[in-house]
Every structure is written in structure tokens, then in C-alpha cells.
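K.L.:
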Amino acid sequence: MNLPIYMDCHATTPVDPRVLEAMLPYFSERFGNAASRNHSFGWQAEEAVEAARKQIAGLVGATAREIVVTSGATESDNLAIKGAARMYREKGDHIVTVVTEHKAVLDTCKHLQKEGFQVTYLPVGRDGLVDLDRLRDAITPRTTLISVMAANNEIGVVQPIAEIGRIARERGVLFHTDAVQAAGKVPFDVNAMNVDMASLSAHKMYGPKGVGALYVRRRNPRVLLEPIIDGGGHERGMRSGTLNVPGIVGMGKAAAIAAAEMSAESERVRSLRDRLLAGLRAGLDEIYVNGSMEHRLPGNLNVSFAYVEGESLLMGISDVAVSSGSACTSATLEPSYVLKALGVGDELAHSSIRFGLGRFNTEEEVDYVAGKMVQVVGRLREMSPLYELAREGARPRR
Amino acid sequence: MSYSDKVLEHYNNPRNVGSLPKEDATVGTGLVGAPECGDVMKLQVKVDPETGVIADAKFKTFGCGSAIASSSLATEWLKGKTLDQALEIKNVDIVNELSLPPVKIHCSVLAEDAIKAAIADYKRKRGEAEQAAGGEAPAAAGEPGASAGAL
Chain A
5 MNLPIYMDCH ATTPVDPRVL EAMLPYFSER FGNAASRNHS FGWQAEEAVE AARKQIAGLV
65 GATAREIVVT SGATESDNLA IKGAARMYRE KGDHIVTVVT EHKAVLDTCK HLQKEGFQVT
125 YLPVGRDGLV DLDRLRDAIT PRTTLISVMA ANNEIGVVQP IAEIGRIARE RGVLFHTDAV
185 QAAGKVPFDV NAMNVDMASL SAHKMYGPKG VGALYVRRRN PRVLLEPIID GGGHERGMRS
245 GTLNVPGIVG MGKAAAIAAA EMSAESERVR SLRDRLLAGL RAGLDEIYVN GSMEHRLPGN
305 LNVSFAYVEG ESLLMGISDV AVSSGSACTS ATLEPSYVLK ALGVGDELAH SSIRFGLGRF
365 NTEEEVDYVA GKMVQVVGRL REMSPLYELA REGARPRR
Chain B
3 MSYSDKVLEH YNNPRNVGSL PKEDATVGTG LVGAPECGDV MKLQVKVDPE TGVIADAKFK
63 TFGCGSAIAS SSLATEWLKG KTLDQALEIK NVDIVNELSL PPVKIHCSVL AEDAIKAAIA
123 DYKRKRGEAE QAAGGEAPAA AGEPGASAGA L
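Protein chains in written order, with the working numbering: chain A, 5 to 402; chain B, 3 to 153.
1) Write down the C-beta distance between B:S6 and B:S101 rounded to the nearest angstrom, noting that I regard them as a contact closer than 8 Å.
2) Helix, strand or coil for A:L384, going by three-state DSSP, please let me know.
3) Return helix, strand or coil for B:A131, following the three-state DSSP convention.
4) In this structure, what does DSSP give as the bridge partners for B:K2?
5) Answer with yes or no whether the minimum CB distance from A:E315 to chain B is below 7 Å.
6) Here's the rule I'm using: 16 or more other beta-carbon atoms within 10 Å means buried, otherwise exposed. How should A:N42 be labelled?
7) If you draw a straight line from the alpha carbon of A:L178 to that of B:R17, how long is it in whole angstroms?
8) To the nearest angstrom, how far is the alpha carbon of A:V227 from that of A:E70?
9) Quick one: is the Cβ of A:R385 within less than 6 Å of any heavy atom of the ligand GDP?
10) Going by other Cβ atoms of all chains shown within 10 Å of its Cβ, with 16 needed for buried, is A:R395 buried or exposed?
11) Classify A:R57 as buried or exposed, calling it buried when 16 or more other Cβ atoms lie within 10 Å of its own Cβ.
12) Are the segment 182 to 197 of chain A and the segment 31 to 51 of chain A touching by the rule of at least three beta carbon pairs closer than 8 Å?
13) Rounding to the nearest angstrom, what Cα-Cα distance links A:E51 and A:M197 in this structure?
14) Are three or more beta carbon pairs between the segment 366 to 386 of chain A and the segment 319 to 327 of chain A nearer than 8 Å?
15) How is A:F309 classed by DSSP in three states: helix, strand or coil?
16) For the segment 59 to 69 of chain A against the segment 167 to 178 of chain A, do three or more pairs of beta-carbon atoms, one drawn from each stretch, fall closer than 8 Å, so that the two count as touching?
17) Is B:V105 helix, strand or coil by DSSP?
18) I want to see whether chain A comes within less than 7 Å of B:I70, judged by CB atoms only; does it?
19) So, under 8 Å CB-CB, B:A120 and B:G32 are touching, yes? Tell me the CB distance rounded to an integer number of Å.
20) Using a beta-carbon distance below 7 Å, is A:D350 in contact with chain B?
21) Distance check for A:G314 and B:S4, CA to CA, integer angstroms please.
22) With distance defined between alpha-carbon atoms, name the residue in B:Y124, B:V42, B:I91 nearest to A:L384.
23) Below 6 Å CB to CB, which residues in the same chain sit around A:A68 once its five sequence neighbours on both sides are set aside?
24) If you compare alpha carbons, which of A:Y311, A:V342, A:A398 is closest to A:S388?
25) Does any residue of chain B bring its CB to less than 7 Å from the CB of A:L390?
26) Measuring only between beta-carbons, confirm whether A:M377 sits less than 7 Å from chain B.
27) Which residues, in order along the segment 60 to 84 of chain B, keep a beta-carbon less than 9 Å from a beta-carbon of chain A?
28) Got a sec, what are the start and stop residues for the beta strand (DSSP E) A:V123 sits in?
29) If the cut is a Cβ gap below 8 Å, which residues of chain B does A:Y311 touch?
30) By Cβ distance, which residues of its chain are closer than 8 Å to A:E367, with the 5 residues on each side in sequence left out?
31) Could you give the DSSP three-state label for A:R146: helix, strand or coil?
32) Taking the alpha carbon of A:A202 as the reference point, which residue from A:V215, A:M153, A:E230, A:E239 has its own alpha carbon closest?
33) Going by DSSP, which residues form a beta bridge with A:S327?
34) Go ahead and label A:M255 buried or exposed: buried means 16 or more other beta carbons lie within 10 angstroms of its beta carbon, across all protein chains shown.
35) Could you spell out the range, first to last residue, of the beta strand (DSSP E) harbouring A:H180?
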């Protein structure tokens, strides 16, 4: 077992060696511009891009022509939401989204509010799930777009995308989902789920950073987007800019591997995740899982360790790469807004750790991490005045 | 985020972790911060009533590594000091000693507050509450989130 151990797969994943191998020729001998129409270098690059587009489409049940390649999911979210809101402005000016969305969605919606759009931010329950009745009630005749993420990046909670898609379709509203964390991890099909746009990212599924995609439905209904980047008219005018050929090839390969191995991999990763939780529970009391365990990505575990502050916990497990919802670890010095939205108190939000397990984690690593966590939490609790107060009964136990 | 070697050293080998008997007349207890803000420090001093010298100091801290290091360092500095000398410890001294970055300055402020609160508690027990109130404002009084009652 090698240290440090990487268990932060919601932040990013390592490039799968098979992906890297597929990409390498496109940095060197096959360096052509996919938009060069008059020579073999261009044709070769275009052919590779089209093959990758098919692979990406295959992962989500789309057709290749519905895949717009971008620089990553932040751009995909911006293009989907700004592009659709502005394109359909004549029809309406209202967007419905959820408070636990990624900042790429929330900040995009805030930007549109400055342009005069109305945005409804739906709350979530204690389990992190959106209430479908509230979603239905939020839709007005002015609503043109619903944007709800498929799986959350902090708590891994998987939203009822098929049900939301059905509601959106019934009401004639476009449905965008940020599927960055879900794609390749849990079944996701744009037709079965009535998804009109879906944001995807390569580096969350063992592909390279700097490349993503937006699925844009072409039929029933055909979705039109106002571009946010103007230029040479690449990607059918929706996203100008020379294509990142090696990146796209890598994303295609990553998508193909994910599609082929998803069911076996998700079972394996889920059992590792459950083993980790069992190990933590065996050694520690008063630990709390944040968000639904039932509707959750197989590789996600988000746990609050009462009486212990998250950043000090990260310091104690410096040979394990995980994340914390503690304010001290964020740029804003605010604890996680996602945990707050679930109704997790600030104190427990400060005590939260996100584990993101993935393809390359092993049982041995899980056992090491569980053991280390138990040891460090124990040590920090002995140092914690809150733990002491709770023991003395001076303060209600959580 | 990277930590200075001194912060890491205190975090890995904290000095004087523990508790002194709260009811002891020679022990002063300061409990500052708020769990909602991610920082709570309990700092205690045991004072020799004859000499007014701090004979022992203990801490417990819920907070980041810098908060743990700040309180650990504070207990180290307190031992052997008179109460007046102890009150001269300023948060900037802690910042300098631990090379705390700007975002962690509040940890040192909390440690200074904890020292003042512990000494004020000791003085109050010794019937010297008026002097304490007339001197440095003890953190236990009015600082936001500084009240132990919030716990």
C-alpha cells in the first residue's frame, strides 16, 4: 500500500492508464486541428473526435450529434443555463433550481438574476433530496428551465432525475442536469429520464482535466442555445474554439470504460464505502452520516465526527487525501452551504469529512483510513472541551 | 493549506492537554469561542495564592490545528508567570511565534481571550472581581460568542 492514499474522487480522479494511452498519439504524431478540412492531419483528428463523441454519447444514451464538447462542466453549466434562458427569453424568464447545486449552477443563476431573470431556489429535506411537490408548485407559466443536479458533489445524494424529467416534460419546461458526479457512476439515460441537457466532465470519471461536454437534445424537443463564446462556429455554433483533440479522445475513452465497467465497479466501490463506514462505526460513537444513504453515489461518504473540528482532523490524517465541510478549509470561512441546507447544525458541519472512493481504492486502504480516523478522532476528542462537557452532562449529547 | 513547523509540532505534541478541577479556589477557567464558529477553547490556570505565580496551566480546544497550537503555546508561556505578566501576552506574540497566516489570526485572538478569561475567573474567585473588571476587559463578558453560556 502506498501513502498518501487518495480518497477525494469527487474533487478529481486520476487518469486511467488506458485513457492516457489513448490520448498520447494526439499530442504528437496526430496533432491535427479537427477543423482542418483539407488534409489528412485534420481528417485524422476529426475522425478521432467523432469516435470520442460517440463514446461520450453512449454513456448517457444520447447520439453523437447531441454532444457539445466544452472545457469542463463549469462551462457546460454556464452554456446550458445562460444559453437556454437567453434563447427562450421571449417565452419566459423564470428558472427553477435547488440550493444544494454546485456553484457553477448557482452563480450562473445569480448572474442571470442580474439580467432580470427570476430564479426559484428549492430547499432540500434532511436527506438532501428535493421535494417533487414543491418542484411542481414552483413551475409557473413563465418557467423555461429547471436545473437539478443528478448527484451532489459533497454528500453524493442522487436526485430523482427521472421523476423531475417527467414533471418538466409534462409542463413543457426544459430540464438541465449537472450530471458530473453521476455519469459513469450510476445509471443515467437522457431519454429514459427526459433530460434535455446534461453537463459532463472528463476528470471526474478517470479522464483528463480541461475537457467536458454538454448533452443538448436534438429531437422532441430540439433545444436551441444562445452561445456564450463567439468565434469560428465550432460545435454547430454552440461552442466556438479549436477542439481539444487529445482531451476529447481521453474523455471518450473514459466514457467507454465507465459504460462497460460501471455495474461491476459500482458494486465494488459501494462495498468499499460500506466497509469504511462499518469500520468507523465500530471504533467511534456519535458519528453522523450527512444525507440519504439509500439515494447516494456508491463512492460517497460524508460523515460528521461530533466534537472534533474538520480541519484539525485533516491535519491528523495528513497521509489521507479527503475533504472537509469545515469553514476553516473553505475560502469563504463559512461551513458547507450544502450541509447547512440539509439542516445540519454549524457545529456538525465544521466536523464533517467527505470521503470519495473510486476505481483505484483497495480494501487495505479502506482499513487503513478507518483505523487512522478512529485513532485521530479519539485523540482530538480527548483534547476537545465539547466532548468533555458532553461527558460531564453539562451539555446535551448530540 | 500548509502549516508552519511550529504549528505542526504543537498539533502533534500538544503541551498541557487536560483539565484542572474547576471548583478549586486556586484554579481559574476560561471558556471562549462558540462551536457554531468552529472554535472553542478551554484554558485553565492554577495559581499559587502566596506568590501570584501560575503554577500550572491546561487546555482543551475544539478547533483547527492553529487553534490547538495557539492554546498549547499559551499554556506553555503561562507557566511560571505572574498574573500581571500573563496578561501581557498578546495575540500578536502568538501569531509571530507560530507564523500564523492572516486567516488564522482569530485563533491567536481566541487564545488571548482565553488567558484573560481564565485569569478573570481566578480573580473573581479570589474576591478580586472589581480589579479584574477595572483592568483588561475579560473575554468572558461581552465578546461575541465568548460566553460559556452558549455551550
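Quick reminder that beta carbons are idealized off the backbone N, C-alpha and C, glycines included.
P.N.:
On the basis of the supplied data:
1) Cβ-Cβ separation between B:S6 and B:S101: approximately 4 Å, consistent with a contact (criterion under 8 Å).
2) Reduced to three states, the DSSP call for A:L384 is helix.
3) Here the model assigns B:A131 a pLDDT of 43, short of 50, so the residue's position is not dependable and the matter cannot be decided.
4) Absent from the structure is residue 2 of chain B, since the part of chain B shown begins at 3 and ends at 153.
5) For A:E315, the closest Cβ of chain B is nearer than 7 Å.
6) Per the 10 Å Cβ criterion, exposed.
7) The alpha-carbon atoms of A:L178 and B:R17 are separated by roughly 60 Å.
8) A straight line joining the alpha-carbon of A:V227 with that of A:E70 spans about 10 Å.
9) No copy of the ligand GDP appears in this structure; indeed no ligand is present at all.
10) Residue environment: A:R395 is assigned as exposed (fewer than 16 neighbouring CB atoms within 10 Å of its CB, all protein chains considered).
11) Taking a 10 Å sphere around the C-beta of A:R57, we find 16 or more other C-beta atoms and assign the residue as buried.
12) In the pairwise beta carbon analysis, the segment 182 to 197 of chain A is classified as not touching the segment 31 to 51 of chain A: fewer than three pairs are separated by under 8 Å.
13) Here the alpha carbon of A:E51 sits roughly 30 Å from the alpha carbon of A:M197.
14) At 8 Å Cβ cutoff, the stretches touch.
15) Reduced to three states, the DSSP call for A:F309 is strand.
16) With a cut-off of 8 Å, the segment 167 to 178 of chain A and the segment 59 to 69 of chain A do not count as touching, because too few Cβ pairs lie within range.
17) Residue state, collapsed to three classes: helix.
18) Interface annotation, B:I70: in contact with chain A, CB-CB separation under 7 Å.
19) In this structure, B:A120 and B:G32 form a Cβ contact; the two beta carbons are roughly 3 Å apart against a cut-off of 8 Å.
20) Judged by the 7 Å Cβ criterion, A:D350 is in contact with chain B.
21) In this structure, the CA atom of B:S4 is about 15 Å from the CA atom of A:G314.
22) Checked all of B:Y124, B:V42, B:I91; the closest Cα to A:L384 is B:V42.
23) In chain order, R57, K58, A61 place their CB closer than 6 Å to the CB of A:A68, counting only its own chain and leaving out the 5 sequence neighbours on each side.
24) Residue A:Y311 holds the alpha-carbon nearest to the alpha-carbon of A:S388 among A:Y311, A:V342, A:A398.
25) At least one chain B Cβ lies under 7 Å of A:L390.
26) Answer no: the Cβ-Cβ gap between A:M377 and chain B never drops below 7 Å.
27) Here the close residues are F61, K62, T63, F64, G65, C66, G67, S68, A69, I70.
28) That run of the beta strand (DSSP E) goes 122 to 126.
29) Simply F64.
30) Once the five neighbours on either side are set aside, the close Cβ partners of A:E367 are L276, R279.
31) Here DSSP, grouped into helix, strand and coil, assigns A:R146 to coil.
32) Residue nearest to A:A202 within the set A:V215, A:M153, A:E230, A:E239 is A:M153 (criterion: CA-CA distance).
33) Under DSSP, A:S327 takes part in a beta bridge, and its partners are A:R358.
34) With 16 or more Cβ atoms within 10 Å of its Cβ, A:M255 is classed as buried.
35) Here the beta strand (DSSP E) through A:H180 covers 178 to 182.
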